[in-house]
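Notes follow the structure.
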């Protein structure tokens with residue numbers, strides 16, 4: 003039974019990209035034909051779920067599905083939390099697009115359960131900051147009936163469990179509750195993630211796969227999309243709700259590989275007790291975008307000082323010539339400071355170049371016991 007469960011988990015994740023590609027109508031998900039562009043751009047709800055979390059992961063451009071074995075694995079690949087050996091917490095804050103006031107926050111905590119499992123909770127919020135409110139009656143703003151400003155807020159709360167099935171194979175799954183909207187119009191979704199990691203035993207290579215944001219569709223409801231119409235047969239006004247289109251969650255499949263180039267006993271090039279170099283590569287096949295590719299690397303000195311860099315190729319088929327070679331480049335670094343008794347405290351930073359959207363900066367704080 004245990005072996006059957008393992009085979010089913012791997013089979014589902016391997017089959018997933020073909021299913022997504024079929025839904026998109028794009029052909030082969032790994033090597034799509036240039037003449038087959040994605041036809042579902044802008045048709046998903048809760049797109050904030052596609053924004054990566056954690057400065058370590060984003061310093062490597064998001065190539066983290068096979069590498070994630072910290073609290074941020076709650077987002078990237080829930081199988082990874084099974085490797086957390088003590089109570090751990092993580093907070094990261096991203097300043098999106100160079101000072102526009104858009105904040106993206108992730109907070110999570112993981113607790114080991116038994117000898118081979120762990121349970122975790124996470125919370126993600128995207129906040130637009132203050133937006134000037136205009137109405138038909140006050141097109142210049144400051145309508146006394148509604149207030150001068152409003153804000154768009156998106157949130158996701160998730161409960162996840164990860165388990166080491168064998169000394170090489172891990173699986174994990176999470177259930178999430180998602181909301182987005184403004185103060186008087188919002189949508190609510192429910193979804194789940196599943197993931198796996200497999201250690202090959204060759205050159206410290208791990209394969210990771212995750213299918214994320216499977217779930218319900220939702221449409222916006224609330225006073226902002228209601229109007230009052232006069233009824234010829236009854237006195238007074240009747241509330242009429244305009245129907246909005248129901249949008250599903252942004253389902254995505256991630257497949258990644260990480261390899262130890264330097265450091266561990268299985269490293270490809272050389273062993274070292276001080277220096278370590280890890281490389282990663284990843285494919286992201288989301289239902290509402292073209293296939294994205296990522297490469298990344300992390301160097302560490304004595305497990306205390308870290309330097310990272312990566313590159314993500316995003317919607318290259320839609321490039322109109324304005325992008326430079328630095329578009330999608332990420333870099334970062336961090337410190338992981340031992341406090342004694344198995345406790346550690348970590349600080350990380352990452353920077354991503356987004357071309358005409360300027361840059362994204364992410365700051366992370368982690369604590370482990």
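Numbering (the numbering used here), first residue to last: 3 to 371. For each residue, glycine too, the CB sits at the ideal point set by N, CA and C. Predicted model only: the values in this text are computed from it and were never measured.
Per DSSP, which residues does residue i bridge with? Please list them.
i           : result
residue 123 : 111 and 161
residue 216 : 194
residue 315 : 295
residue 373 : Any question about residue 373 goes unanswered here, given that the chain covers just 3 to 371.
residue 277 : 303
residue 175 : 163 and 196
residue 75  : Beta-bridge pairing links residue 75 to no other residue.
residue 96  : 106 and 364
residue 250 : 219
residue 188 : 183 and 223
residue 209 : 200 and 259
residue 132 : Looking at the DSSP assignment, residue 132 forms no beta bridge with any residue, so it has no partner.
residue 272 : 264
Thinking just about the alpha-carbon of each residue, which of the options is nearest to the one in residue i?
i           : options               : result
residue 303 : 316, 275 and 281      : 275
residue 224 : 257, 156, 189 and 297 : 189
residue 197 : 355, 117 and 173      : 173
residue 371 : 343, 350 and 261      : 343
residue 286 : 257, 263 and 99       : 257
residue 75  : 181, 210, 283 and 333 : 210
residue 132 : 337, 151 and 100      : 151
residue 124 : 93, 154 and 142       : 93
residue 168 : 137, 149 and 203      : 203
residue 65  : 367, 316 and 360      : 316
residue 181 : 136, 193 and 97       : 193
residue 106 : 90, 141, 78 and 54    : 54
residue 51  : 284, 339, 191 and 354 : 191
residue 215 : 179, 186 and 226      : 179
residue 294 : 313, 306, 278 and 277 : 313
residue 171 : 137, 185, 208 and 340 : 208
residue 199 : 148, 273, 68 and 137  : 68
residue 110 : 46, 255, 160 and 340  : 160
residue 334 : 183, 205 and 60       : 60
residue 95  : 117, 78, 129 and 118  : 129
residue 153 : 331, 136 and 282      : 136
Please go through the same chain and pick out, in chain order, the residues whose beta-carbon is closer than 6 Å to the beta-carbon of residue i, but skip the five residues on each side of it.
i           : result
residue 37  : Reliability fails at residue 37, whose pLDDT of 46 lies under 50, so the model's placement of it is uncertain and the value that follows must be treated cautiously. Answer for residue 37: no residue qualifies.
residue 120 : 83, 84, 86, 112, 114 and 164
residue 97  : 363
residue 90  : 73, 112 and 370
residue 140 : none
residue 103 : 131
residue 108 : 55, 94 and 126
Go through its chain and collect everything with a Cβ distance to residue i's Cβ below 8 Å, but skip five positions before and after it.
i           : result
residue 49  : 252 and 290
residue 80  : 122, 162, 163, 164, 174, 175, 176, 195, 196, 197 and 212
residue 340 : 306 and 346
How would you call residue i, buried or exposed, if buried means at least 16 neighbouring beta carbons within 10 angstroms?
i           : result
residue 114 : buried
residue 33  : Only weak support is given to the placement of residue 33: the predicted model assigns it a pLDDT of 42, under 50, and the value that follows is read from those uncertain coordinates. So residue 33 ends up on the exposed side.
residue 377 : Outside the shown range of the chain, which is 3 to 371, sits residue 377, and nothing can be said about it.
residue 363 : buried
residue 250 : buried
residue 245 : exposed
residue 271 : exposed
residue 261 : buried
residue 25  : Legend: pLDDT at residue 25 = 42, less than 50; position of this residue unreliable, no value from coordinates given.
residue 221 : exposed
residue 267 : exposed
residue 247 : exposed
residue 296 : buried
residue 144 : exposed
residue 126 : buried
residue 16  : Because residue 16 sits at a pLDDT of 38, beneath the cut-off of 50, its placement in the model cannot be relied upon, and the following sentence gives the value as read from the coordinates. With fewer than 16 Cβ atoms within 10 Å of its Cβ, residue 16 is classed as exposed.
residue 366 : buried
residue 205 : exposed
residue 218 : exposed
residue 273 : exposed
Excluding sequence positions up to five away, which residues of its chain have a Cβ less than 7 Å from the Cβ of residue i?
i           : result
residue 425 : In the structure as shown, the chain begins at 3 and stops at 371. Residue 425 is therefore absent and cannot be evaluated.
residue 300 : 62, 280, 308 and 310
residue 186 : 224, 225 and 226
residue 166 : 84, 118 and 172
For a minimum of 3 consecutive residues, which ranges assigned as the beta strand (DSSP E) are wholly contained in the region 320–363? 331–342 and 345–355
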